[in-house]
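In what follows, a structure is listed as structure tokens, so that the remarks can point back to it.
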Amino acid sequence: MHQSPEPSGEPVPNPPQVERLLRLPQVLSIVGLSTSRLYELIASGEFTSPVKVGRTSLWPASEVHAWVTRQVAASRRKGGA
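Under the numbering used here, the final residue of the sequence shown carries the number 86; numbering is consecutive throughout.
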């Protein structure tokens, strides 16, 4: 049988957080844009570029959510709806 090591009193480091990568349909659902509008924003540098894994485009979830947060903040500053 495998035995667990004795506790050493040393703090156990937290495992690293793994970035979740989103596919296009998930990104579109989160941001509420059409595919063409999303790619226009990417081309203009207003939206984060995807990470390419083979032929698949994936977006880091943290960057997508940060973009949404910035859009909400900008809308609030302008007095938007």
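In this text, a Cβ means the ideal position worked out from N, Cα and C, and glycines have one as well.
Check	Outcome
DSSP puts S62 in a beta bridge; with which residues?	K57
Say the cut is 7 Å; is the CB of V69 nearer than that to a heavy atom of the ligand HEM?	Absence of the ligand HEM is noted for the structure shown, with no ligands found whatsoever.
According to the neighbour-count rule (16 or more other Cβ atoms, all chains shown, within 10 Å of its Cβ), is P30 buried or exposed?	exposed
Three-state secondary structure (DSSP) at L38?	coil
How long is the line joining the alpha carbons of T53 and A79, rounded to whole angstroms?	17 Å
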